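Per the numbering used here, the sequence shown starts with residue 38, numbered consecutively. Worksheet: one structure, shown below.
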Amino acid sequence: METHVSGVLAVFRRRTEEGIQALRHSLLRATREPERAGYLLAADLNTWTPLLGQERLKRLAKPMLMPLLSGRVLRSPASAAEKSVALLGLAGGCFGDVILLQPGKLPQGALGFGINHLAYLWLLWQRGARPSTTRIMVRAVPLAMAVGLVARKRPRLVPVAAGYGSLLAAVSALGDDPALLRESIPTLGLGHGGNLFLLSDALLIGRELLLGREGWPAKLADAGVMGTYTIAQMLLVDGLFPDGK
């Protein structure tokens, strides 16, 4: 038992170090890719301005996130087909970003991000990622809990939560496939990107169903949603479209 726990902790420590490496690499792109610097600025505005009562700045910055992130796709040496799928997915994410600026638009937002996740699933599969029973089961538990919460609070949203949540969990499970860990540093962040996306949407559901949109608890939750979301998208795109730098 002690040996097993030590092994789990060692893996956790190693994966955490790899995630930090990938995040640092993604952040340093801002020194040579202007659109990455713009993305990081837009991400900061989306994360922190609501806490300062500057919702208008968030409304201006949020639609810029995915177009700025698409610069990494366009710069990469990937095939035209892969770039097209990624850009379609990021367009879906952009639609979701904009629509969720309005209250009561979770189903429409889920549609946009569903397109985003379908694109990621296809790209991860193309890179050799495959599911495993363990990785699926680990994500099935929080998914079931989230759907259960939705069933209690807003039963009409259960199909949306179950369908979209399954896509999200699948991206997280595929992104964590060790087969994706190649010599390129950005690929070390793929699993972390999928997991952070899962965490971000869990926070989003909690905020929408339990906190609403007013008051400091809701604003802090929103900062958590946007902070984890913008890092997740960046790690996924960088891991799928590295350039060896």
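Backbone N, C-alpha and C fix where the C-beta goes; we use that ideal spot for every residue, glycine too. The model shown is predicted, which means the values in this text are computed figures rather than measured ones.
Counting only runs that start and end inside the region 55–143, the alpha helix (DSSP H) elements of at least 4 residues fall at 71–85, 92–98, 102–112, 117–136.
Considering only Glu245, His62, Val195, the residue with the shortest C-alpha distance to Ser221 is His62. When DSSP states are grouped into helix, strand and coil, Arg172 belongs to the helix group. When secondary structure is reduced to three states using DSSP, Gly212 falls in the helix class. Contact between Leu246 and Arg191 holds, with the beta-carbon distance rounding to 7 Å and staying under 8 Å. The DSSP-derived three-state label of Leu218 is coil. According to the DSSP assignment, Ala269 belongs to the alpha helix (DSSP H) that extends over 253–277. Rounded to the nearest angstrom, the gap between the Cα atoms of Ser203 and Arg112 is 31 Å. Within the same chain, Val262 come within 7 Å of Leu241 by CB-CB distance, once the 5 residues on both sides are set aside. Between the region 152–163 and the region 246–261 there are fewer than three inter-stretch CB-CB distances shorter than 8 Å, so the stretches are not counted as touching.
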